[in-house]
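In the working numbering, the protein residues as written are 96 to 302.
Rendered as structure tokens:
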């Protein structure tokens with residue numbers, strides 16, 4: 096492993112940013128750690144990207160589309176390793192990270208796995224924390240079974256749309272909406288609207 100290592104961290108929470116910087120500096124002696132409060136700030140230092148060994152990025156940054164940023168990053172710097180850190184376990188986010196071949200995913204309280212994750216990623220391996228792996232294995236089949244149209248309908252249900260309003264909004268028949276709702280309840284194994292809304296908020300549809 097080359098020395099010194101060059102790290103960049105992007106996170107909008109200053110205290111977390113500084114704490115993570117300290118943990119990395121302690122675990123990887125003589126490393127260079129640059130901290131940024133936003134993607135925009137990070138991109139203003141684009142000339143240093145080719146020198147980076149690892150980018151660590153929060154997945155939810157106010158007013159910024161992190162996945163659009165990751166897409167662009169993958170096109171311009173396909174070999175730059177990326178470690179995602181998040182407060183949340185959401186199926187759609189984990190799935191998108193996997194689709195983009197994001198190298199690692201930790202929850203913000205996964206301190207014990209930070210060094211292990213970084214070492215694995217720097218060796219060319221992927222590292223998703225055990226809790227993320229367990230969560231995704233448990234619930235990913237439900238997400239994969241939900242069609243794009245059914246996701247739309249769940250989102251409208253969360254917003255309080257009636258069957259008729261959903262029918263008008265999506266320009267589909269009322270019976271079609273009812274059929275989709277029955278399928279949603281069957282696939283999720285849930286029959287109460289409150290349970291479906293809670294599931295959507297916690298797992299994949301609602302921030």
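Don't be surprised by glycine CBs; every beta carbon is placed ideally from N, CA and C.
Predicted model only: the values in this text are computed from it and were never measured.
Simplified DSSP state of residue 205, which is helix, strand or coil: coil
Chain-order list of residues whose beta-carbon lies under 6 Å from that of residue 197 (same chain, five-residue window excluded): 177 and 179
Counting Cβ pairs closer than 8 Å, one from the stretch 97 to 105 and one from the stretch 128 to 143, do we hit at least three? As far as the Cβ criterion goes, the stretch 97 to 105 touches the stretch 128 to 143, which means the pair count is three or higher.
Quick one: measure Cβ to Cβ for residue 227 and residue 184, integer angstroms, because I've assumed they're closer than 8 Å. 7 Å between Cβ atoms; contact.
Do the stretch 109 to 128 and the stretch 167 to 176 meet, that is, are 3 or more Cβ pairs less than 8 Å apart? No, the stretch 109 to 128 is not in contact with the stretch 167 to 176.
Measure from the alpha carbon of residue 136 to the alpha carbon of each residue in 149, 146 and 159, then state which is nearest. 159
Distance between residue 167 and residue 199 (C-alpha atoms, nearest Å): A straight line joining the alpha-carbon of residue 199 with that of residue 167 spans about 18 Å.
Comparing C-alpha positions only, which one of 194, 225 and 290 sits nearest to residue 204? Ranking the options by Cα distance to residue 204, first place goes to 225.
Closest residue to residue 192 among 162, 214, 220 and 259 (Cα-Cα distance): When only C-alpha atoms are compared, the closest one is 162.
Could you tell me the alpha carbon to alpha carbon distance between residue 114 and residue 213, rounded to whole angstroms? 16 Å
Please report how far the alpha carbon of residue 282 lies from the alpha carbon of residue 234, in whole angstroms. Between the C-alpha atoms of residue 282 and residue 234 there is a straight-line separation of about 12 Å.
Following the continuous beta strand (DSSP E) through residue 178, name the residue where it begins and the one where it ends. 177 to 181
Give a yes or no on whether the C-beta atoms belonging to residue 181 and residue 155 are separated by under 9 Å. yes
Helix, strand or coil at residue 118 according to DSSP, with G and I counted as helix: helix
Our contact map puts residue 231 next to residue 186 with C-beta atoms below 8 Å; I'd like the distance itself, whole angstroms only. 7 Å
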